């Protein structure tokens, strides 16, 4: 099939999808379908303050000793705008860091040079539908998609990553993710650590074959539970060491893993000082002994090393926890000393498996094997990386993973290099946050209830799986309204055998967490994570534990159209745990 005929077929399918959707749109939208249907071309009426080309392409990078690793990346080339808008994360496959300012008008020309469809989502950004990266608008190799938007978000740490239909997990795993930082006058007045003292810390996990190439899904169980890599990478590097001076730093910690959940804590018990979450700065600094960080979540830390001795080190670890995996999975681990994804120490309310400490996050081979799904293709889309494939054990279980979910292991180290006298005081007040009130919501007495379940070997939202244009009646939301939303992970219906933790992400404006309720049967595992949530500020992704119901308040302002909500365990998303909501 030629490119022309393929494009024509794709255009036809999108037209059909839009026609089906049009019946659900407000009359004004149908009269002006351009409000919803992207042109992909630069608008002559839009005058950007900043313009850049963002190119998705293939690269090789040195990660492990020996042969370089084939990966995908986003390369940004500034065409117009302030110097320093684009920052290269040296020697990494991660996309270039993009710095924006609130109120700025932005044009990004996304050019796909990869041998597969692609589209980009601006994670956490409040943008129109045509700019949000719905998989419906994926483009082919050689095509360009033009994003134009005004930055409406407050100062904060945001992400951009691939959001391609049935390929998000694969594409993000091979490197298609980067950071987007927004600043504004309110943040600038605080005089927070900046420049070399404002440090991105992007945490991911990866597995490698004998040839130093990424290894991804090897078995259906990895897709069902979520893929866990065998090594921890920070900013694309193993055994990451951050050199610091004796002064305050801002650490922008991002969980860009496909499915792995982290419990952040310093090895010496030093408390963590949080100054920001997904959607920007908190009103006031918050202190925690540990922090839970699920895929898609971000947390900004104030880390002051002023009282540390030159030559000393601190280790950021993922501390032991449990209660995030299905009860059936845990029972199998109890019987076999391992399980579908290895000896992962987690539990439900009636279990208390021992929690192990690993030396560091740089494991060896770990769990491999063939299985129902075969082996993942390499980044070029051809060839198979078989890696150090291990056979299943005699009882049919997979061999243990090197870094089990819930074990303790090292993430990165901080090494104090030089003495520097630069006294800097943590501001007692950081930002102004308008607090939502439940009684002001349009559906205060009838929350939008979303049940997180597994059915027919796939993850579901209210029993439904993803369909490109499908919108259920309860997924139609009035424009410019405040809504109460409940994510229910077995709290109301009772804890099911396959309930596991889900990081739920809603596109568009950030939300505020109103409350968390836990089923008493799950209290034991919940106790190992509950003090690590920071719900005081703006969120766009929230971890919902098994047996838990999270109630939140979210506005749907400014932009009508079709948007997404989904689990940010990317393997769950691809198994159907994603749905549309229609604003209008």
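In the numbering used here, the protein residues as written are 3 to 586.
For glycine and all other residues, C-beta sits at the position ideal for the given N, C-alpha and C.
Quick caveat, the model's predicted, so the values are computed rather than measured.
query	result
Suppose you measure from the CA of residue 292 to the CA of residue 48; what does that come to, to the nearest Å?	45 Å
Give me, in chain order, the residues of the same chain whose beta-carbon lies closer than 6 Å to that of residue 95; leave out the 5 immediate sequence neighbours on both sides.	63, 73, 75, 177 and 238
Under the rule that 16 or more other beta-carbon atoms within 10 Å means buried, what is residue 168, buried or exposed?	exposed
Which one of 151, 90 and 409 has the shortest CA to CA distance from residue 623?	What the structure shows of the chain is the stretch from 3 to 586, and residue 623 is not part of that stretch, so it cannot be assessed.
Bridge partners of residue 483, per DSSP?	558
For residue 536, is the classification buried or exposed, using 16 other Cβ atoms within 10 angstroms of its Cβ as the cut-off for buried?	buried
Could you tell me which residues DSSP pairs with residue 234 in its beta bridges?	207
Between the C-alpha atoms of residue 80 and residue 202, what's the straight-line distance to the nearest angstrom?	20 Å
Restricting to Cα atoms, I'd like to know which of 484, 299, 154 and 119 is closest to residue 260.	299
Considering only residues of the same chain and omitting the five flanking positions on each side of residue 556, which have a CB-CB separation below 7 Å?	485, 487, 508, 511 and 513
Mapping the DSSP letters down to three states, classify residue 194 as helix, strand or coil.	coil
Alpha carbon to alpha carbon, how far is residue 50 from residue 106?	8 Å
How would you call residue 386, buried or exposed, if buried means at least 16 neighbouring beta carbons within 10 angstroms?	Note that residue 386 scores a pLDDT of 30, beneath 50, so its modelled location is shaky and nothing firm can be said.
So, are the CB atoms of residue 139 and residue 132 less than 9 Å apart?	yes
Per the contact definition of three or more C-beta pairs closer than 8 Å, is the region 544-559 in contact with the region 517-536?	yes
Would you identify the three-state DSSP class for residue 517, choosing helix, strand or coil?	strand
Can you give, in chain order, each stretch of the beta strand (DSSP E) that sits fully within the region 307-333 and has at least 3 residues?	315-320
What are the uninterrupted segments assigned as beta strand (DSSP E) that are 3 or more residues long and contained completely in the region 128-182, given in chain order?	146-152 and 158-164
Could you work out which residue in 88, 546, 531 and 158 is closest to residue 252 when comparing CA atoms only?	158
Please look up how many angstroms separate the CB atoms of residue 287 and residue 268, rounded, as I've assumed it's under 8 Å.	With a Cβ gap of about 16 Å, residue 287 and residue 268 do not count as contacting.
Quick check on the DSSP output: the beta strand (DSSP E) that includes residue 410 runs from which residue to which?	Taken as a continuous stretch (DSSP letters only), residue 410 belongs to no beta strand (DSSP E), as it is neither H nor E.
Quick one: give me the first and last residue of the beta strand (DSSP E) that residue 526 is part of.	Looking at the DSSP string, residue 526 is not in any beta strand (DSSP E); the run it does join, the alpha helix (DSSP H), is 525-528.
Which residues does DSSP list as the beta-bridge partners of residue 89?	99
How is the beta strand (DSSP E) around residue 77 delimited, first residue to last?	71-82
Once the 5 residues before and after residue 417 are set aside, which same chain residues still bring their CB inside 6 Å of it?	243, 245 and 315
May I have the straight-line CA-CA distance separating residue 477 from residue 453, to the nearest angstrom?	13 Å
Using the rule of at least 16 other Cβ atoms within 10 Å of the residue's Cβ for burial, across every protein chain shown, is residue 232 buried or exposed?	buried
In this structure, does DSSP put residue 603 in helix, strand or coil?	The structure shown does not extend to residue 603, since the chain is modelled only from 3 through 586, so no value can be given for it.
Determine the closest residue to residue 308 out of 263, 422, 270 and 264, with distance taken between C-alpha atoms.	422
Roughly how many whole angstroms lie between the Cα atoms of residue 504 and residue 46?	42 Å
Pick helix, strand or coil for residue 538, following the three-state DSSP scheme.	coil
In the DSSP assignment, what residue or residues form a beta bridge with residue 249?	Paired residues: none, contrary to the question.
Classify residue 459: buried if its beta carbon has 16 or more other beta carbons within 10 angstroms, exposed otherwise.	exposed
Starting from residue 594, trace the beta strand (DSSP E) in both directions and tell me its first and last residue.	With the chain covering only 3 through 586, there is no way to say anything about residue 594.
Beta carbon of residue 155, beta carbon of residue 281: below 9 Å?	yes
Have a look at residue 2 and residue 581 and give me their C-alpha separation to the nearest angstrom.	In the structure as shown, the chain begins at 3 and stops at 586. Residue 2 is therefore absent and cannot be evaluated.
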